[in-house]
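Undergrad: As they're listed, the protein sequences go chains S and X. Quick note on numbering: our numbering labels position 136 of the first sequence as 136, and the sequence is numbered without any gaps. Quick note on numbering: our numbering labels position 98 of the second sequence as 1098, and the sequence is numbered without any gaps. C-beta atoms are modelled at their ideal positions from N, C-alpha and C, and glycine is treated no differently. Below are the structure tokens for one structure; questions will follow.
Protein chains: 2
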Amino acid sequence: MDGIILTPLKIIPTPKGEVMHALKQSETSFVGFGEAYFSNVLQGEIKGWKKHTRMTLNLIVPVGEIRFVIFSEKENDFFEVNLGTKNYQRLTISPDLWVAFQGIGKGLNLLLNVASLEHDPQEAENKELREIRFEW
Amino acid sequence: MDGIILTPLKIIPTPKGEVMHALKQSETSFVGFGEAYFSNVLQGEIKGWKKHTRMTLNLIVPVGEIRFVIFSEKENDFFEVNLGTKNYQRLTISPDLWVAFQGIGKGLNLLLNVASLEHDPQEAENKELREIRFEW
């Protein structure tokens, strides 16, 4: 799907606890720093749909497991991936794509978004879950 | 201590899982984006000492609890704070301060560093734990 980049990330084990990569300024996924924040999503719960008109998202899941579903209106197509410590990749999402995500793990399912813009409700659109039909 | 900023951060509860602030580009703690990475520190283990000569660190603990100890050679003084979900604050550390941190929680003690520079071993100095004496 156009506007999506999946980048495998390193988890570096050390005797005192691992180091986990997220995002470097020199990587092509990086288009600017606006804000970093976390979002936890409880098991079975789904946050979405949301479409950003200007923000690029860089999503990393350092704890638990989250299912991401992206819908492209232009391509009329879905993209789906589960991310977490078992599949530790960064998901970069360009503007103009619809995004929803679901908690899969029993405990904490923690998402870090390194976003290219600060949170601004004016630059995002929301739809009810049922407005974009997907077999969750 | 000069070169240290502690900033209380919001945890916003929602029925599907909380949102936790980390860092915005418009905040005074932000001096540039180089890299974001995670570091886990096991209970009782101590990572340090490390001093960065150019990097500013922005440290956030979204899971567990971590004890941070900062040593200023210039002031010959220590600064100590425990951060985590129970005391959810961002710790901004300017260059030229010695930093060490210890895992306090039983499970995951997860640190996010939003660093002003990419990792570069040339710009950091390391000392053995015993080289800067502190009552851990």
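At 7 Å on the CB atoms, spell out the chain S contacts of X/S1029, in chain order.
TA: Here residue 1029 of chain X refers to the residue found at position 29 when the second sequence is read from its first residue. Those do not exist, as X/S1029 stays about 11 Å from chain S at its closest Cβ, beyond 7 Å.
Undergrad: Distance check for S/I132 and X/D1096, CA to CA, integer angstroms please.
TA: Working through the second sequence from its first residue, we reach residue 1096 of chain X at position 96. Working through the first sequence from its first residue, we reach residue 132 of chain S at position 132. The alpha-carbon atoms of X/D1096 and S/I132 are separated by roughly 52 Å.
Undergrad: Identify whether X/R1054 lies in helix, strand or coil by the three-state DSSP scheme.
TA: Stepping through the second sequence from its first residue, residue 1054 of chain X is reached at position 54. If DSSP states are grouped into helix, strand and coil, X/R1054 belongs with coil.
Undergrad: Which first and last residues belong to the beta strand (DSSP E) in which S/R130 is found?
TA: Residue 130 of chain S sits at position 130 when you count from the first residue of the first sequence. No beta strand (DSSP E) holds S/R130; DSSP gives it neither H nor E.
Undergrad: Hey, is the stretch 1114-1124 of chain X in contact with the stretch 1072-1087 of chain X, meaning 3+ C-beta pairs nearer than 8 Å?
TA: No, because fewer than three Cβ pairs between the stretch 1114-1124 of chain X and the stretch 1072-1087 of chain X fall closer than 8 Å, the two stretches do not touch.
Undergrad: At the level of alpha carbons, what is the spacing between S/T53 and X/L1111?
TA: Counting from 1 along the first sequence, the entry for residue 53 of chain S is found at position 53. Counting from 1 along the second sequence, the entry for residue 1111 of chain X is found at position 111. Rounded to whole angstroms, S/T53 to X/L1111 spans 31 Å at the Cα level.
Undergrad: Among residues of its own chain, excluding the 5 on either side of S/G48, which ones have a beta-carbon nearer than 7 Å to its beta-carbon?
TA: The residue given as residue 48 of chain S occupies position 48 in the first sequence. Cβ neighbours of S/G48 beyond the five flanking positions: V99, A100, F101 and L129.
Undergrad: Quick check: what's the CA-CA separation for X/V1061 versus S/M1?
TA: The residue labelled residue 1061 of chain X in the question sits at position 61 within the second sequence. The residue labelled residue 1 of chain S in the question sits at position 1 within the first sequence. Cα-Cα distance, rounded: 34 Å.
Undergrad: Given that a residue counts as buried once 16 or more other Cβ atoms are within 10 Å of its Cβ, and exposed if not, what is S/S39?
TA: Stepping through the first sequence from its first residue, residue 39 of chain S is reached at position 39. By the 10 Å Cβ count, S/S39 comes out buried.
Undergrad: Please report the straight-line C-alpha distance between S/N82 and S/G103, rounded to a whole angstrom.
TA: Indexing the first sequence from 1 puts residue 82 of chain S at position 82. Indexing the first sequence from 1 puts residue 103 of chain S at position 103. Roughly 10 Å separates the two Cα atoms.
Undergrad: If we define contact as Cβ-Cβ less than 8 Å, is X/S1072 a contact residue for chain S?
TA: Reading the second sequence from its first residue, position 72 is the one you call residue 1072 of chain X. Judged by the 8 Å Cβ criterion, X/S1072 is not in contact with chain S.
Undergrad: With a threshold of 8 Å between beta-carbons, can X/N1040 be considered close to chain S, or not?
TA: In the second sequence, the residue the question calls residue 1040 of chain X occupies position 40. X/N1040 counts as touching chain S.
Undergrad: What residues of chain S sit near X/H1021, judged by a beta carbon separation below 7 Å?
TA: Here residue 1021 of chain X is taken as the residue at index 21 of the second sequence, counted from 1. By Cβ distance, chain S contributes Y37.
Undergrad: So X/G1084 and X/G1105 are in contact, right, with Cβ under 8 Å, and what is the actual spacing, rounded?
TA: Here residue 1084 of chain X refers to the residue found at position 84 of the second sequence. Here residue 1105 of chain X refers to the residue found at position 105 of the second sequence. Correct: roughly 7 Å between the Cβ atoms.
Undergrad: Quick one, which of X/A1022, X/T1028, X/I1066 and X/N1058 has its alpha-carbon nearest S/K16's?
TA: In the first sequence, counting from the first residue as 1, residue 16 of chain S sits at position 16. Here the closest residue by C-alpha is X/I1066.
Undergrad: Interface residues of chain S around X/F1033 at Cβ under 7 Å?
TA: Here residue 1033 of chain X refers to the residue found at position 33 when the second sequence is read from its first residue. Near X/F1033 (Cβ distances below 7 Å), the residues of chain S are Q25 and F33.
Undergrad: Measuring CB to CB, does S/K24 end up less than 8 Å from S/F30?
TA: If you number the first sequence from 1, residue 24 of chain S lands on position 24. If you number the first sequence from 1, residue 30 of chain S lands on position 30. It is a contact, given that the beta carbons lie within the stated cut-off.
Undergrad: Anything in chain S within Cβ reach of X/V1195, meaning under 7 Å, just list it in chain order.
TA: An answer regarding residue 1195 of chain X cannot be provided, because it is not within the stretch 1001 to 1136 covered by chain X.
Undergrad: Find the residues of chain X that neighbour S/G103, judging by a C-beta separation of less than 7 Å, and give them in chain order.
TA: Within the first sequence, residue 103 of chain S is the residue found at index 103, counting from 1. Within chain X, the residues near S/G103 are G1017.
Undergrad: Could you pull the start and end residues of the beta strand (DSSP E) that S/N82 belongs to?
TA: For this step, residue 82 of chain S is matched to residue 82 along the first sequence. Note, S/N82: beta strand (DSSP E), D77 to G84.
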